[in-house]
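Note sheet for the following structure.
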Amino acid sequence: MASTSARVAARTRARDAQRKVLAARAERDKANMDSLTEFFTAAEEIEAARRRQAGALAAIRQREGTLTAAAALAGLTLGEARTLLAVLTAPDPALDDGTSVSSSTDSVPHTADASDSSESAV
């Protein structure tokens, strides 16, 4: 059987090793928290920028009369433009109650021309 002093020394080494493991874990947790904060902040900034893009595209659509013309001016395909405008009707994650943002296209009558005939099918 091992002597008492050998067991005490072994426990001391084990506690020291455990402290090092816990300290390393705490450092990783702190670094992960910092990185996650940066990640989610950037995601919110991206979402806000997409909403601004969608609002600008909706304004161009209103002035030009068709989504096809607005998409061409913005250098987007018609599908990309539709996807972007859908952001305006999606709930704004910045709002606590989950309500939708009022779309600038909601009260804008859409006039279609021959080049926009496929726009009504979303």
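Per this note's numbering, residue 10 is the first one in the sequence shown, and the count goes up by one each step.
The beta-carbon is built from N, C-alpha and C at its ideal position, and this holds for glycine as well.
All of these numbers come straight from a predicted model, not from anything done at the bench.
Between V96 and R70, the CB-CB gap reaches or exceeds 7 Å. Approximately 12 Å separates the beta-carbon atoms of E73 and A65; this is outside 8 Å, ruling out the contact. Nearest to L85 by alpha-carbon distance, out of S14, A63 and A23, is A63. For S14 and A26, the gap between their C-alpha atoms comes out near 18 Å. Contact check for L87 against T75 fails: the beta carbons are separated by 7 Å or more. A direct Cα-Cα distance of roughly 32 Å separates A19 from A40. Between L94 and A67 a beta carbon distance of about 6 Å is seen, short of the 8 Å cut, so the two are scored as contacting.
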